[in-house]
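Participant: Following this message is one structure expressed as structure tokens.
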Amino acid sequence: MDRQTPALSPAREFLNGIKAELPILLGVTPFGMIYGVLALSAGFRPFDAQAMSSVVFAGSSQFMLVQMVELGTPAIMMILTGFVVNLRHALYSASLAPSLRHLSPLWKFILSYLLTDEAYAVTIMRYREPDEVGNKHWHLLGSGLALWTCWQLSTAAGIFLGAQVPPSWGLDFTLALTFIALAVPAIDDRHALLSALSAGAIALLAYNLPYKLGLFAAAIVGISVGIWSERR
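As structure tokens, then:
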């Protein structure tokens with residue numbers, strides 16, 4: 033009978049989480065700087081722009097909110113749009129919930145705050161490894177804190193540099209490259225491939241839907257196709 037490899041120590045898991053996140057931060061840094069520049073140009077005070085990165089801590093939502101504030105969009109529409117854009121985090125939570133259910137409410141609160149696209153991507157790969165679950169939540173803590181720190185510093189850099197980093201540089205393309213780098217290693221079987229292709233197709237077809245509804249539609253279709261493929 034096969035035995036699982038003993039769990040790593042909390043410190044080792046924490047450091048491994050940071051190491052796994054470091055390559056991703058190369059794409060996150062310019063994205064955070066662009067956000068800082070756009071927030072100032074939309075009329076945000078430096079403190080408010082930095083506070084949004086600390087409280088909201090969600091790049092796509094922050095970009096969307098900055099643009100909607102600049103356009104004078106009603107608050108209720110900004111709240112609803114932010115809800116739709118961030119629905120994917122509920123899917124991340126559902127995916128990790130079975131592995132985190134043994135943790136205390138405080139641990140769950142902290143990890144839920146740090147659960148971003150990039151932190152989830154490296155953590156779910158760690159949870160797929162066959163050794164004991166044990167201290168793997170420390171891996172999520174390490175990756176999440178690494179990303180949080182990078183996002184705060186890059187936002188501050190964008191705010192400090194201001195107009196010296198014009199949006200016309202188009203550095204935001206690095207985020208798309210980051211997500212591609214995150215998604216490709218996770219496509220390890222036919223079911224995942226079908227799910228990714230279907231979600232990508234819907235995302236392109238529904239790109240012009242208002243309030244980022246195309247992202248939500250792509251997620252639903254991708255999940256549905258993946259489940260259908262596995263059942264077959």
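33 is the number of the first residue of the sequence shown in the numbering used here; add one for each residue after it.
Where a beta carbon is used, it is the ideal one built from N, C-alpha and C, also for glycine.
Small disclaimer: the values here were computed from a predicted structure and weren't measured.
Applying the criterion that 16 or more other CB atoms from any shown protein chain within 10 Å of the CB defines a buried residue, is residue 113 buried or exposed?
Facilitator: In the sequence shown, counting from the first residue as 1, residue 113 sits at position 81. Buried, because 16 or more other Cβ atoms sit within 10 Å of the Cβ of residue 113.
Participant: Let me see if you follow: with CB-CB separation under 8 Å, is residue 153 close to chain B or not?
Facilitator: The question asks about chain B, but that chain is absent: this structure has only one protein chain.
Participant: Taking 6 Å as the limit between beta carbons, can you name the residues of its chain near residue 47, skipping five residues before and five after?
Facilitator: Position 15 of the sequence shown, counted from the first residue, corresponds to residue 47. So no residue of the chain qualifies.
Participant: Taking three-plus beta-carbon pairs below 8 Å as touching, is the segment 47-61 in contact with the segment 170-188?
Facilitator: Yes, since at least three Cβ pairs between the segment 47-61 and the segment 170-188 fall closer than 8 Å, the two stretches touch.
Participant: What is the DSSP secondary structure of residue 264, counted as helix, strand or coil?
Facilitator: If you number the sequence shown from 1, residue 264 lands on position 232. Looking at residue 264 - three-state DSSP - the assignment turns out to be coil, as it is neither helix nor strand.
Participant: Does the Cβ of residue 71 have 16 or more other Cβ atoms within 10 Å, making it buried, or fewer, making it exposed?
Facilitator: Taking the sequence shown and counting its residues from 1, the one referred to as residue 71 is at position 39. Classification for residue 71: buried.
Participant: Am I right that residue 188 and residue 82 are in contact with their C-beta atoms under 8 Å? What's the rounded C-beta distance?
Facilitator: Taking the first residue of the sequence shown as position 1, residue 188 is located at position 156. Taking the first residue of the sequence shown as position 1, residue 82 is located at position 50. Confirmed, Cβ separation roughly 6 Å.
Participant: Cutting at 8 Å between CB atoms, please list the residues of its own chain near residue 251, excluding the five before and the five after it.
Facilitator: Along the sequence shown, read from residue 1 onward, the residue named residue 251 stands at position 219. 119, 120, 123 and 231, listed in sequence order.
Participant: Is it the case that the Cβ atoms of residue 175 and residue 151 are separated by a distance below 8 Å?
Facilitator: Residue numbering aside, residue 175 sits at position 143 when the sequence shown is read from its first letter. Residue numbering aside, residue 151 sits at position 119 when the sequence shown is read from its first letter. Against a cut-off of 8 Å, the Cβ pair of residue 151 and residue 175 comes out as a contact.
Participant: Buried or exposed, going by whether 16 or more other CB atoms sit within 10 Å of the CB of residue 127?
Facilitator: By 1-based counting over the sequence shown, the position of residue 127 is 95. Looking at its Cβ environment, which holds fewer than 16 other Cβ atoms inside 10 Å, residue 127 is exposed.
Participant: Taking just the CA atoms, how far does residue 158 sit from residue 184?
Facilitator: Mapped onto the sequence shown, residue 184 falls at position 152. Mapped onto the sequence shown, residue 158 falls at position 126. When rounded, the distance between both Cα atoms is 25 Å.
Participant: Between 192, 259, 229 and 64, which lies nearest to residue 86 when the distance is taken from Cα to Cα?
Facilitator: Mapped onto the sequence shown, residue 86 falls at position 54. Ranking 192, 259, 229 and 64 by Cα distance to residue 86 puts 64 first.
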